[in-house]
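Contents: one structure, followed by commentary.
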Amino acid sequence: MYLLPFSPKKEIHVSRVGCFDPNIGRWRTMLYIASVPGFILALGMQFCVESPRWLCKAGRLDEAKNVIENLWGSSEVDKAIKEFASVIKNDGGDLDSSWLELLEEPHSRVATIGGALFVLQQFAGINGVLYFSSLTFKDVGISSSALASLYVGLTNFAGALCALYLMDKQGRQRLLIGSYAGMALSMFLIVYAIIFPMDGEISNNLSILGTILYIFTFAVGAGPVTGLIIPELSSSRTRGKIMGFSFCVHWVFNFLVGLFFLELVEKFGVAPVYGSFGAVSLLAAAFAYFFIVETKGRSLEEIEMSLNPKFQGKRSSE
12 MYLLPFSPKK EIHVSRVGCF DPNIGRWRTM LYIASVPGFI LALGMQFCVE
62 SPRWLCKAGR LDEAKNVIEN LWGSSEVDKA IKEFASVIKN DGGDLDSSWL
112 ELLEEPHSRV ATIGGALFVL QQFAGINGVL YFSSLTFKDV GISSSALASL
162 YVGLTNFAGA LCALYLMDKQ GRQRLLIGSY AGMALSMFLI VYAIIFPMDG
212 EISNNLSILG TILYIFTFAV GAGPVTGLII PELSSSRTRG KIMGFSFCVH
262 WVFNFLVGLF FLELVEKFGV APVYGSFGAV SLLAAAFAYF FIVETKGRSL
312 EEIEMSLNPK FQGKRSSE
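Mind the numbering: the sequence shown is residues 12 to 329 in my numbering, read in order.
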């Protein structure tokens, strides 16, 4: 979210890198290693500048102009400052926002979309598939948890690299739709391999293919795009609160999936659970098609003005 205000509208994108330590006996080492990026980030943030949008809200226009010039070039300074000022004036962005404003349009619509995207993301089963992937790999003879985690990590990383290229080529909405469609296909492929009798090796290979394809398609769209498009759709006034609400929903449903996944598998079997993941993935693709606004190639101010009735009314009167 911090990086988003600094990104020019043609280059707003994200990537994600996953790391895995499969040896549960080394949990202390795992936590020590995980703390290193945190220390580096805390140190690096001391040298970061404030967002030009925030500087405009705070009335520090000279600093905002310097930041814009250094990041985007001198030709963008006047245009950006004009957009910032227009949004702040009409949206009340210079005032502190209240949580109750999330119940008002257009903030309520974006908050609902943000929460729904994370609910669908979690119920599409990414964490359940990751939890179960090591058992799937064992079925085809890959008994090493480290090797299985390596395959998962490399697949995730390859998907993230593709997302970097496709994000501004195909757009956020297309990536979401295509990603969830691919996840649904992957789940149904695994269900097919489980339900219909086939040679054991063929069935296992289909399960592996479905798992790898699922993780890859998730990393291409449903993973990175969900965390990116919510702040893009949010207004400058309520962006922080909408992101806080959305990620709160994310972790609640992440916890629920992790808590009940194995119980559901034991009670109903893998095929029905994975089939439900595929059905939710199709529902998520439909949700993205009907409710997600494309933000590719547009500045945050342009997106906000297109969603806010105040700006639409002002434009129609002009």
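For every residue, glycine included, the Cβ atom is placed at its ideal position computed from N, Cα and C.
Computed from a predicted structure; not experimentally measured.
Here DSSP, grouped into helix, strand and coil, assigns P208 to coil.
Shown here for V260: same chain residues with a beta carbon closer than 7 Å to its own, the five before and five after excluded, namely G126, F129 and V130 in chain order.
In this structure the region 241-256 does not touch the region 192-199; the number of beta carbon pairs closer than 8 Å is below three.
Non-local C-beta neighbours of T147 in its own chain, meaning closer than 6 Å and more than five positions away in sequence, comprise S218 and T222, ordered along the chain. Residue ranges of uninterrupted alpha helix (DSSP H) with 4 or more members, entirely inside the region 62-124 and ordered along the chain, are 63-68, 72-83 and 88-102.
Here the C-alpha atom of L111 lies approximately 41 Å from the C-alpha atom of K278.
Boundaries of the alpha helix (DSSP H) around V263: R250 to F279. If you ignore the 5 residues before and after Y285, its C-beta comes within less than 6 Å of the C-beta of M198, I201 and V202, all in its own chain and listed in chain order. Residue range P235 to L244 is occupied by the alpha helix (DSSP H) that includes E243.
Secondary structure note for T166: its alpha helix (DSSP H) is the uninterrupted segment S156 to Q181. With a threshold of 16 other beta carbon atoms within 10 Å, I44 falls short and is exposed. The C-alpha of G55 lies about 39 Å from the C-alpha of Y300. When rounded, the separation of the alpha-carbon atoms in M209 and L294 is 30 Å. Of the candidates K252, F298 and A290, the residue whose Cα lies closest to the Cα of S108 is K252.
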